[in-house]
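Residue numbers (the working numbering), protein chains in the order written: chain A, 1 to 171; chain B, 1001 to 1283. Each remark here refers to the structure printed beneath this line.
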């Protein structure tokens, strides 16, 4: 079965799978950036977030395969944008803390939760709405998990980005 | 007797965006807009079903000029400001290749400024993607040709006081056949514009606003300032110039698309072997 044959639930599943894979890829890219600049703590957190998204993508891919649905080439996204859970590329900073990383993750999860909640409320076939509800429930758990993590990391001081050896100091 | 014919081999599937990314990890600062431009570039290559072995990415010097190494295409990380000269030579001798040129505002508008003018004028079928962050990032934050005159920093106290270079309108006046502005934070939109630029014959110029959050952290606000151009693409260069000169520099989209035929002279003589060329240059 193809995801674009009018079966909206199949299409949703196929696009959600790509969305999760794209989110994992971006978290890995952010982890690479932070690791390269010696911020191991945040790099490891982004790597963990990538792992979570990838496991979710793998589960959805298995589901797609079981149902004989071809993967989509497009992530679930607002028109003309990257996937709903994909962190913006410019979100990172070399001095960022786990708090900042988790705020990014929280925003992504909240985007996805809002979107799936809205999909589940649409006038659509039952299997589509049920799937959207399942996704919304999963995202709700992710939001709660990230909020819990956030509560356990220190809030950074206001001058977190100030660098005593700032890069634009004249040598 | 029946004749057996070998089954036609199935064409290899078109590469996905990730197939255009090399295994080399970019070393830009975390949060640099150039990461997103790399993502847009590879997306556009995939959308056009290009092949890495039939595509060349040519650059000069600077942070953004590192891009060729981060792709699986053929690449040339050239001399400062000379990327367009290299790319012109490559495209004229190998017209079957898709040639994309990448660089920054310092490399393209200052050191390579003269090449920029003449590349627009020649209209060779190239796509030039400039990642404009209004600063020399690699050399630690000097003012570039597009820096605002009042940008106050340790290296230019009180600002340069110099009127910024206006790349889009200069490209138009010099004869570029396609002029567009994009924003790195809009990965999908930028990919779409780059794909259109590559697909349009002639010299296509895409200026991508790509924040340098290390030396210009205030450029994070660009995300809130950019907007799609409120008017459709025009093929009237004078109208496009007027629009560009009166906007605030944050209208995104294809601002001009002309139909001037690209410059692609016939290769007049038979190609010579490497041995023959070596003989000519032997001392």
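For each residue, glycine too, the CB sits at the ideal point set by N, CA and C. No experiment lies behind these values; they were computed from the predicted model shown.
- Per DSSP, residue 1103 of chain B is one residue of the beta strand (DSSP E) stretching across 1098-1104.
- For residue 56 of chain A, there are no C-beta contacts with chain B under 9 Å, since the nearest C-beta of that chain is about 19 Å from it.
- Less than 8 Å separates the beta-carbon of residue 1110 of chain B from that of residue 1145 of chain B.
- Under a 10 Å Cβ-count criterion, residue 1280 of chain B is classified as exposed, with fewer than 16 other Cβ atoms of the shown protein chains found around its own Cβ.
- Using a Cβ-Cβ distance cut-off of 8 Å, the segment 1133-1152 of chain B and the segment 142-149 of chain A are not in contact, since fewer than three pairs of beta carbons, one from each stretch, lie closer than that value.
- Sixteen is the threshold: when 16 or more other Cβ atoms of the shown chains lie within 10 Å of the Cβ of residue 88 of chain A, as they do, the residue is buried.
- Residues of the segment 85-106 of chain A that bring their beta carbon within less than 7 Å of a beta carbon in chain B comprise 88, 89, 90, 91, 92, 93 and 94, in sequence order.
- Between residue 1046 of chain B and residue 1097 of chain B, the gap from beta carbon to beta carbon reaches 8 Å or more.
- DSSP places residue 1273 of chain B in no alpha helix (DSSP H); its state is neither H nor E.
- With contacts defined by Cβ atoms closer than 8 Å, residue 1119 of chain B and residue 1090 of chain B do not form a contacting pair.
- Residue environment analysis places residue 1031 of chain B among the buried positions, since at least 16 neighbouring C-beta atoms fall within 10 angstroms of its C-beta.
- DSSP, read as helix, strand or coil, puts residue 94 of chain A in coil.
- Chain A places no beta carbon closer than 8 Å to that of residue 1108 of chain B, leaving this residue out of the contacts.
- Below 8 Å, enough C-beta pairs join the segment 1243-1256 of chain B and the segment 1225-1233 of chain B to call them touching: three or more.
- Between residue 91 of chain A and residue 46 of chain A, the beta carbon gap of about 10 Å keeps them out of contact (Cβ cut-off 8 Å).
- Proximity of chain B to residue 29 of chain A at the Cβ level (cut-off 8 Å) is accounted for by 1035, in chain order.
- The Cβ atoms of residue 1133 of chain B and residue 1033 of chain B lie closer than 8 Å to each other.
- Burial is judged here by how many other beta carbons sit within 10 angstroms of a residue's own beta carbon; residue 38 of chain A has fewer than 16 and is exposed.
- For residue 139 of chain A, there is no enclosing beta strand (DSSP E); the residue is found in the alpha helix (DSSP H) stretching over 126-151.
- The C-beta distance from residue 1101 of chain B to residue 1127 of chain B rounds to 7 Å, short enough to fall under 8 Å.
- Taking 8 Å as the CB threshold, residue 63 of chain A stays off the interface with chain B.
- Rounded to the nearest angstrom, the gap between the Cα atoms of residue 111 of chain A and residue 1021 of chain B is 28 Å.
- Against chain B, the beta carbon of residue 32 of chain A has neighbours under 9 Å at 1025 and 1026, listed in chain order.
- The alpha-carbon of residue 1121 of chain B is positioned some 47 Å away from that of residue 17 of chain A.
- In the DSSP assignment, residue 53 of chain A falls within the unbroken alpha helix (DSSP H) covering 40-67.
- Within chain A, the residues placing a beta-carbon under 8 Å from that of residue 1213 of chain B are 90 and 93, ordered along the chain.
- Contact annotation: residue 1065 of chain B and residue 1125 of chain B have beta-carbon atoms that are not nearer than 8 Å.
- In this structure the segment 105-119 of chain A touches the segment 135-144 of chain A; the number of beta carbon pairs closer than 8 Å is three or more.
- For residue 1040 of chain B, there is no enclosing beta strand (DSSP E); the enclosing alpha helix (DSSP H) covers residues 1033-1047.
- Contact with chain A is absent for residue 1181 of chain B, since none of that chain's Cβ atoms lies less than 8 Å from the residue's Cβ.
- For residue 1029 of chain B, the nearest CB of chain A lies under 8 Å from its own CB, placing it at the interface with that chain.
- Sorting B/1140, B/1086, B/1245 and B/1103 by C-alpha distance to the C-alpha of residue 1061 of chain B places B/1103 at the top.
- Close to chain A, meaning a Cβ-Cβ distance shorter than 7 Å, is no residue of the segment 1050-1080 of chain B at all.
- At a cut-off of 8 Å between C-beta atoms, residue 36 of chain A counts as an interface residue with respect to chain B.
- Closer than 8 Å to the CB of residue 1185 of chain B there is at least one CB belonging to chain A.
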